[in-house]
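Report on the structure given below.
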């Protein structure tokens with residue numbers, strides 16, 4: 001579900017977290033969950049484009065602030081009905097990484113056409129986003145004998161960040177592990193046999209939250225038992 005729009009024009013983003021607490025999640029009997037909400041705005045948009053027809057050409061990169069646009073690889077000079085388009089778009093390295101979008105004849109590409117890849121990470125902490133596009137060419141993909149494949153990269157600048165923590169402590173009983181959740185002065189006890197909890201962060205802003213995630217301290221890799229619930 002996308003951001004919730006309020007009558008005053010502001011937006012709220014929501015995301016839930018659900019998982020079963022096991023002893024391995026606790027460090028010295030404590031587990032801290034942190035909900036972080038980021039508000040960011042686009043400050044740079046660049047694009048690269050392939051125009052495929054009987055003769056194909058790679059259009060100029062249009063960039064502001066003298067930045068290089070994304071690179072497109074795998075494109076062919078000619079496509080016919082039934083051919084498979086299989087191209088990749090790689091953004092310039094940046095931090096935070098750029099967001100990529102594919103367009104076919106200036107219309108955003110079908111999600112089923114997209115291929116998501118892991119970003120390229122550099123020693124300096126920057127990343128390059130990679131997004132693929134794959135589909136079978138149909139007559140409708142041509143307009144006046146041309147098919148325009150465009151990749152747009154957008155860089156965002158974080159303008160605001162808020163964080164809220166939930167501290168969970170535990171104690172061992174003969175019937176199993178019991179956790180005590182302490183958030184905003186409220187305490188409740190849950191047994192881990194059936195524990196599944198989530199908490200919601202709801203922030204109103206003029207722009208939808210570009211990143212709205214919860215982090216579990218001291219767990220570097222996502223735990224298979226975690227389930228992200230998008231509201």
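Residue numbers (full-length UniProt numbering): 1 to 231. Think of the CB as a built atom: it goes at the ideal place given N, C-alpha and C, for glycine as much as any other residue.
Residue i versus residue j - alpha carbon distance
i: residue 15; j: residue 3; result: 10 Å
i: residue 138; j: residue 21; result: 50 Å
i: residue 43; j: residue 150; result: 19 Å
i: residue 198; j: residue 31; result: Low per-residue confidence applies at residue 198: pLDDT is 39, beneath 50, and the placement is therefore not dependable, though the value from the model is reported in the following sentence. One C-alpha to the other measures close to 14 Å.
i: residue 166; j: residue 12; result: 20 Å
i: residue 128; j: residue 70; result: 9 Å
i: residue 110; j: residue 18; result: 30 Å
i: residue 130; j: residue 48; result: 14 Å
i: residue 78; j: residue 86; result: 13 Å
i: residue 143; j: residue 25; result: 56 Å
i: residue 7; j: residue 76; result: 48 Å
i: residue 116; j: residue 80; result: 25 Å
i: residue 114; j: residue 28; result: 44 Å
Sheet register partners of residue i (DSSP bridge)
i: residue 90; result: 71, 130
i: residue 157; result: 41
i: residue 143; result: 146
i: residue 135; result: 85
i: residue 103; result: 108, 150
i: residue 76; result: BP columns for residue 76 are empty, so no partner.
i: residue 52; result: 147
i: residue 4; result: 12
i: residue 114; result: 133
Proximal residues to residue i (C-beta, below 6 Å), its chain only, five neighbours per side dropped
i: residue 84; result: 136
i: residue 123; result: none
i: residue 89; result: 70, 72, 100, 131, 151
i: residue 235; result: Any answer about residue 235 is impossible in this case: the structure gives the chain only from 1 up to 231.
Reference residue i; option with closest CA among the options
i: residue 98; options: 112, 124, 79, 46; result: 46
i: residue 41; options: 133, 140, 154, 167; result: 154
i: residue 121; options: 94, 72, 166, 167; result: 94
i: residue 74; options: 80, 10, 7, 50; result: 50
i: residue 104; options: 8, 92, 77, 148; result: 148
i: residue 133; options: 112, 142, 140; result: 112
i: residue 91; options: 118, 76, 106, 82; result: 118
i: residue 82; options: 6, 8, 7, 141; result: 141
Same chain only: Cβ atoms within 7 Å of residue i, ignoring 5 sequence neighbours per side
i: residue 101; result: 108, 152
i: residue 126; result: 93, 94, 95
i: residue 5; result: 11
Close beta carbons around residue i, own chain, < 8 Å, minus the five adjacent residues each side
i: residue 163; result: 34, 35, 36, 37
i: residue 106; result: 148, 150
The ligand NAD heavy atom lying under 7 Å from the CB of residue i
i: residue 10; result: The ligand NAD is absent from the structure shown, which contains no ligand whatsoever.
CB contact check: residue i to chain C, cutoff 8 Å
i: residue 47; result: Chain labels in this structure do not include chain C; a single protein chain is all it has.
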